[in-house]
Amino acid sequence: MLAAKIAEVLNEPGCATNRAKSAKDRKKGCTKQLQPGAAAGGCAFDGAKIALQPIADAAHLVHGPIACEGNSWGSRNTGSSGPTLYRRGFTTDLDETDVVMGAERKLLAAVGEIVAKHRPPAVFVYATCVTSLIGEDLAAICKAACARYGLPVIPVEAPGFAGSKNLGNKLAGQALLDHVIGTVEPERTTPYDVNIIGEYNVAGELWQVKPLLERLGMRVLASISGDGRYRDVAASHRARAALLVCSRAMLNLARRMEERWGIPFLEGSFYGISDTSDALRGLARLLVERGAPPELLIRTEAVVAEEEARAWSRLTPFRERLAGKKVLLYTGGVKSWSVVSALQEMGMEVVGTSVRKSTEGDLARIHALMGEDAHTFDSLPGMKMYALLKEAKADILLAGGRSQFVALKAKVPFLDVNQERHHGYAGYEGMVALVREIDRAISSPVFREVRRPAPWEESYLAEALSPPGGERAPSPSPSSSKGP
Amino acid sequence: MASVVRSKKSCAVDPLKTSQTIGAALAFLGIDRCLPMLHGSQGCTSFGLVLFVRHFRETIPMQTTAMSEVNAILGGEENVEKGLLTLMEKANPDVIGLCSTALTETSGADLGKIVRDFLQAHPDFPAAVVPVVVPDFAGALPDGWATAVTRMIEDLVAPAEQGGAGRELGCPAEPRARWINLLPGSHLTPAEVEALADLARAFGLEPIVLPDLSGSLDGHVPEAFLPHTLGGTPTAAIRDMASSVLTIAVGEHMRGPAQALATRSGVPFEVLESATGLAATDRLVGLLSRISGNPVPSRLRRERARLQDAMLDAHFFTGGRRVAIGADPDLLFALASTLSDVGCEIAAAVTTTSSPVLERVPADEVVVGDLEDLEERARGCDLLVTHSHGRAASERLGVPLLRAGIPSFDRLGSPQAVWVGYAGTATLLFEVANAFLAAGEAHAPGEHCRSQGGTARAAEISG
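Each protein sequence line maps, in turn, to chains A and B. Here the working numbering is used: position 441 in the first sequence is 441, and no number is missing along the way. Start counting at 1 in the second sequence, then tack on 484, and there's your number in the working numbering.
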């Protein structure tokens, strides 16, 4: 059952890498074999939770031992403009007896408790390694719960040991296709209805993008799943077009929605100025092709021109401060090239970038931007990264939270651009925010302070003995805390 | 005193508990040049790792055997072997702490046998491999921590006959007569571990601390960056623990490890149920003075007098206040008894796992449950004390939150907080009293929200 689901989500004709493979390789799937003792990153369950938990009014119930929810809940910085139920941690917290005797009744009762207390529009139930291993029939229990309590109870069969986080994203998409999308009709539709797929509203990034779409006159019928609502997702099959933001995560969902309901989609990114403009233009074109009035295109061009001009004028003051600074980028997928191009616009030098989650298309764009001999790497172990930073090969590291302390221990500025980030970097506003944060990090006086020699070191004594005045060049203009 | 009840719900809501598997991993992070590896799917490790990174704000060395569904069904020996060899090649640690998970225990893997077979096949394997059976479906973080420490003792401490057979208690000329073992519980912060070790040193004693998070996760910029722990208990020191005159375990959950050490080495032990509060600190100080034969240093006498003063100052603001606490058993006990000593009423007590100490918590009832249980019982309380996940309940109830325990991800410096010893207890009391003061000030000026508020204001004027 699980094997069949995995095979289904991995058979992805919409993916160029997959198409290029032999039939045999395709069967193996796109997830790399994980290496014991040298693996990093989340499991499939983690991926499924990341993809679905942003549906803010639903309850998300983890059927498993305490580790799966107890160790991880509340760690994803995804925002809601209303309901907060998704923030609560629900788990069956299996004990030894449950594992031995089975916990299907407990699960059924757990759904009942959630329904009685919170009356959510739906409950998502997540399988875990243990419940899969002991053969809990999640689909059957969810069906029974649905009948008993009269609300949708959706089985999400992405146990951790199925594979990587990315596979979990895909399995989550499959759960939406199998059980959610198309089960509700929207109250009304317009020719301007779009779906945003694969944007999880981390650090409120959806809110940097949504106003742009609204300015163009578009209506976000459903966000899948950042700041999402269950009924919107369930009615998302009536959208006229879709924008797929993170192609690696939910390509299967977008493509199958196109197959099943004829919703054309566009792969786009809201990281970087020109990418944002391209995404807006592309989405407008799709809507017009599906019958929206053509003046949408003109309106789009006007908004793009205005927003771009505004963003560049706000970025200009930073160019002087940041030109020539060296950046080491350690992130994945679309973020690699879209951020590279934005930083290059600032006159910064990208001394290296990771390509670990990048598709062939991402890779080609990286090489186009940075040249064929670009310093790219698949993975960079902490020790090597530390050495690179320590040798002052970069002025700042842009990476995920895991690498933060590598940079800080090397006394090098760091900016979080992944899941746990606190600032949104999407859209025009987001790029200004990113550059402002880079500037703030690079020009922070703290690095000068912590690099000072200790009073017992020779270099300190030398400095202390040198004649007063002129021992240190005056520091550059103080960093502006507000930014231009 | 307290009756201990288990939450009867099928669905835990807003877990208070973290798993014992990562408790075991955390214990290994207190050994020098060590690397814990969880035998499970990679999520088992990544969730624990992210939790600790957010709490300690440190890089956390922790690996995984990256089990797949097929590996799990086949037993996973191959993953353990590959994992151990890879760790050796890439990280070269002295000790590898191999912790099982719910996944591998459910699939029936025999971790001990896997490791024995591995070491037979690789007799020259340079690192010590310590296997620990800690499925996530039983216990909570302190249980895993204690099990791991017990296993370290069984595998790494040289038995008494090989360990120099010190323990010449009556012979002060023998330097080992000054050695003691200190087994801190998982509820102590790195800075608290250091404070307790310093306390022992103040009496001329030389403590071997196991595990010693104060060397590894105290938050410092090291001179190098390596893929295993930098700092913590050196394996050579663990080996010598049989030579100490006494083992002091802090927290009831450390009784098992202390007992294991006594069994292996004959070192007698004392279990302190807490190191927070005046009476608990007196007991520790008295013990240290007795075994060292040294009088209590004047500095400590002064600290005790300061704590007395702090308690007297604080009691105006803490008296009659209703406090709700959610924490692992030993932390719950330490906080509840200290706060009830200054007049607080422990109106709600929720914990994560069973322990003999729970009956002694000064509350009518202790619930083994979750944050929802705590929230229901905390209505009308003046202070909520639990880890950072309590912030949502705190907002909903309109009750201030004092963060205690792991994880504390929305405040800085919690690994460096000290609530043990005379000075540390005073710090705790100031924080609690200040929380009440701040909550009082948040009300409209002149409004006497409770009778204690009135007393508080009078005290301020006269003080």
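The C-beta atom is built at its ideal place from N, Cα and C for all residues, glycine as well. Just so you know, these numbers come straight off a predicted model, no measurement behind them.
Return the chain-ordered list of same chain residues with a C-beta closer than 7 Å to the C-beta of residue i, the five sequence neighbours on each side being excluded.
i, result
"Cys210/A", "In the sequence as displayed, the identity of residue 210/A is Lys instead of Cys. Same-chain partners within the cutoff: Val220."
"Ala234/A", "Val180, Ile181, Thr183, Val184"
"Thr97/A", "none"
"Ser466/A", "none"
"His606/B", "none"
"Ala919/B", "Leu867, Pro884, Leu886"
"Val769/B", "Val780, Leu784"
Which same chain residues, not among the five before or five after residue i, have their C-beta less than 6 Å away from its C-beta?
i, result
"Arg887/B", "Ser872, Arg895"
"Ser591/B", "Ala556"
"Ala818/B", "Ser758, Thr760"
"Gly623/B", "Gln504, Thr837"
"Asp416/A", "Gly401"
With DSSP run on the structure shown, which of helix, strand or coil describes residue i?
i, result
"Ser403/A", "helix"
"Phe914/B", "helix"
"Gln174/A", "helix"
"Phe817/B", "helix"
"Met521/B", "strand"
"Ser223/A", "strand"
"Arg436/A", "helix"
"Asp278/A", "helix"
"Gly647/B", "Its pLDDT being 45, under 50, Gly647/B is placed unreliably in this model, and the value from its coordinates should be taken loosely. If DSSP states are grouped into helix, strand and coil, Gly647/B belongs with coil."
"Gly216/A", "A quick correction: the sequence has Leu, not Gly, at residue 216/A. In the structure shown, Leu216/A sits in coil (DSSP, three-state: anything other than H, G, I, E or B)."
"Asp98/A", "helix"
"Cys68/A", "helix"
"His464/B", "The structure shown does not extend to residue 464/B, since chain B is modelled only from 485 to 947, so the question has no answer here."
"Ile6/A", "helix"
"Asn665/B", "strand"
"Arg941/B", "Since pLDDT at Arg941/B reaches only 41, below the 50 mark, its modelled position is unreliable, and no value is offered."
"Glu187/A", "coil"
"Pro706/B", "coil"
"Pro474/A", "Low confidence applies here, because Pro474/A scores a pLDDT of 47, under 50, leaving its location unreliable; read the following figure in that light. Here Pro474/A sits in coil by DSSP."
"Tyr192/A", "coil"
Tell me whether residue i counts as near the ligand NAP, meaning its Cβ is closer than 7 Å to at least one heavy atom of that ligand.
i, result
"Arg440/A", "This structure simply doesn't include the ligand NAP, nor any ligand for that matter."
Once the 5 residues before and after residue i are set aside, which same chain residues still bring their CB inside 8 Å of it?
i, result
"Pro264/A", "Ala241, Ala242, Glu258, Leu286, Glu289, Arg290"
"Glu157/A", "Met1, Leu2, Lys5, Ala127, Ser132, Leu138, Ala139, Leu171, Ala175"
"Leu571/B", "Leu519, Met521, Gln547, Pro577, Ile580, Ala611"
Chain B contacts made by the region 111-134 of chain A, where a contact means CB separation under 9 Å: Val111, Gly112, Glu113, Ile114, Lys117, Thr128, Cys129, Val130, Ser132, Leu133, Ile134
Which whole runs of the beta strand (DSSP E) in the region 739-798 of chain B are 3 residues long or more, in chain order? 753-756
Whole alpha helix (DSSP H) runs in the region 101-141 of chain A with 4 or more residues, listed along the chain? 104-118, 129-133
Count Cβ pairs between the region 663-683 of chain B and the region 813-825 of chain B that sit closer than 8 Å; are there 3 or more? yes
Would the region 66-74 of chain A and the region 273-281 of chain A be scored as touching if the rule is three or more Cβ pairs under 8 Å? no
Any contact between the region 45-55 of chain A and the region 199-217 of chain A? By contact I mean 3 or more CB pairs, one from each, below 8 Å. yes
Quick one: which residues of the region 72-89 of chain A get their C-beta closer than 9 Å to a C-beta of chain B? List them in chain order. Ser72, Trp73, Gly74, Ser75, Thr84, Arg87, Arg88, Gly89
Beta strand (DSSP E) segments (min. 3 residues) lying fully within the region 837-902 of chain B: 849-852, 867-870, 885-887
Residues of the region 40-73 of chain A in Cβ contact with chain B at a cutoff of 8 Å, in chain order, please. Ala40, Gly41, Gly42, Cys43, Ala44, Phe45, Asp46, Leu61, Gly64, Pro65, Ile66, Ala67, Cys68, Glu69, Gly70, Asn71, Ser72, Trp73
Can you find at least 3 beta carbon pairs, one from the region 509-521 of chain B and one from the region 622-638 of chain B, that sit closer than 8 Å? yes
Count Cβ pairs between the region 378-394 of chain A and the region 406-420 of chain A that sit closer than 8 Å; are there 3 or more? yes
I'd like to know if the region 558-578 of chain B and the region 740-760 of chain B are in contact, where contact means that at least 3 CB-CB pairs between them fall below 8 Å. no
To test your reading of the DSSP string, which unbroken beta strand (DSSP E) runs of 3 or more residues are found completely within the region 492-579 of chain B? 518-523
Check distances from the C-beta atoms of the region 338-357 of chain A to those of chain B and list, in chain order, the residues that come in under 8 Å. none
How about the region 314-326 of chain A and the region 434-448 of chain A: do they share at least three Cβ pairs that are nearer than 8 Å? yes
Counting pairs of beta carbons, one from the region 774-790 of chain B and one from the region 852-864 of chain B, are three or more of them closer than 8 Å? no
In the region 615-632 of chain B, which residues sit with their C-beta less than 8 Å from some C-beta in chain A, listed in chain order? Pro619, Asp620, Phe621, Ala622, Ala624
Is it the case that the region 96-112 of chain A contacts the region 78-88 of chain A, given that we only count it when at least three CB pairs across the two stretches are under 8 Å? no
Is the region 820-830 of chain B close to the region 449-463 of chain A, with three or more CB pairs under 8 Å? no
Residues of the region 506-523 of chain B in Cβ contact with chain A at a cutoff of 8 Å, in chain order, please. Ile506, Met521
Report yes or no: do three or more beta-carbon pairs, one from the region 343-354 of chain A and one from the region 321-330 of chain A, lie closer than 8 Å? yes
Along the region 824-842 of chain B, what residues have a CB closer than 7 Å to any CB found in chain A? none
Three Cβ pairs or more, each shorter than 8 Å: is that satisfied between the region 686-694 of chain B and the region 713-722 of chain B? yes
Kindly provide the ranges of any alpha helix (DSSP H) runs that are 4 or more residues long and lie completely inside the region 233-299 of chain A, ordered along the chain. 247-261, 273-289
What residues in the region 189-203 of chain A have a beta carbon less than 7 Å from any beta carbon of chain B? none
Are at least three pairs of beta-carbons, each pair with one atom in the region 893-912 of chain B and one in the region 113-121 of chain A, less than 8 Å apart? no
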